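Novice: 1 is the number of the first residue of the sequence shown in full-length UniProt numbering; add one for each residue after it.
All C-beta atoms in this analysis are idealised placements derived from N, C-alpha and C, irrespective of residue type, glycine included.
Owing to the predicted nature of the structure, the values given are computational and were not obtained by experimental measurement.
Once you've had a glance at the structure underneath, I'll fire off some questions.
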Amino acid sequence: MISEMFKEDLIDLDVIVSDEAQLFDLIGMRVIEKGVAELGYIAGLEKRELSYPTGLQFPEVSVAFPHVDSKYIKEPFIYIARNSGVLDIRQMGDAAEMSARDFLFLGIKDGSKQSQLLANMMAAFQDSGFVNKFKNVTTKEEMYDLVVSRFEE
Numbered sequence: 001m002i003s004e005m006f007k008e009d010l011i012d013l014d015v016i017v018s019d020e021a022q023l024f025d026l027i028g029m030r031v032i033e034k035g036v037a038e039l040g041y042i043a044g045l046e047k048r049e050l051s052y053p054t055g056l057q058f059p060e061v062s063v064a065f066p067h068v069d070s071k072y073i074k075e076p077f078i079y080i081a082r083n084s085g086v087l088d089i090r091q092m093g094d095a096a097e098m099s100a101r102d103f104l105f106l107g108i109k110d111g112s113k114q115s116q117l118l119a120n121m122m123a124a125f126q127d128s129g130f131v132n133k134f135k136n137v138t139t140k141e142e143m144y145d146l147v148v149s150r151f152e153e
């Protein structure tokens, strides 16, 4: 179940970094320290993002969904990070330049579930009611409640 992948301590709406590499280092260290990702996670993230960028522009928000090979994941998770300012990233599919400040790091243990998870995420970010709430939450508790209620199957 997607809602079980969210944890309140894997949400940070006050990230302050100046580029994607710093973001990957910061979040990577946190998920390794929390015991949900393996040591190679950060390098795996950087390598995968170069080949397969994960930024998506929706009508009302731009979001990236960085993820790695499942061998770097110990426990399934979704880490939500919001940066203080927008970061330059590349778009999924055509690698066009874009920017985003919201990132959902997908820690997927079972690769067969990846496309379904992405489809569910895309549906959520095309729902303007959800997006409006998502953009306006200010605490990790509010964000946790929002995503868990949205993704309960």
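1. For the beta strand (DSSP E) that contains Gly111, what are its first and last residues?
2. Check the C-beta distance from Glu49 over to Pro66 and give it rounded, since I have them as a contact under 8 Å.
3. Quick one: Cα of Gln57 to Cα of Gln22, how far?
4. Give the C-beta separation of Val63 and Asp102 to the nearest angstrom, bearing in mind that I take them to be a contact with Cβ-Cβ under 8 Å.
5. How big is the Cα-Cα spacing for Lys74 and Met143?
6. Considering Cα atoms alone, identify which of Val15, Gly55, Ser18, Lys71 is closest to Gly40.
7. Is the distance from the Cβ of Gly55 to the Cβ of Met92 below 8 Å?
8. Please return the same chain residues whose Cβ sits closer than 8 Å to the Cβ of Ala95, not counting the five positions on each side in sequence.
9. From Gly44, Val68, Glu4, Ala81, pick the residue whose C-alpha is nearest to that of Gly111; which is it?
10. What distance in whole Å lies between the Cβ atoms of Val36 and Arg82, which are believed to be in contact at a cut-off of 8 Å?
11. Helix, strand or coil for Leu39, going by three-state DSSP, please let me know.
12. So, Ile80 versus Leu118, is the Cβ gap smaller than 8 Å?
Specialist: Quick answer:
1. Taken as a continuous stretch (DSSP letters only), Gly111 belongs to no beta strand (DSSP E), as it is neither H nor E.
2. For Glu49 against Pro66, the beta-carbon gap comes to about 6 Å, under 8 Å, which counts as contact.
3. 22 Å
4. About 5 Å separates the beta carbons of Val63 and Asp102, which is inside the 8 Å limit, making them a contact pair.
5. 24 Å
6. Lys71
7. yes
8. Pro53
9. Val68
10. Contact between Arg82 and Val36 is ruled out by a C-beta separation of about 19 Å, above the 8 Å threshold.
11. Here Leu39 sits in coil by DSSP.
12. no
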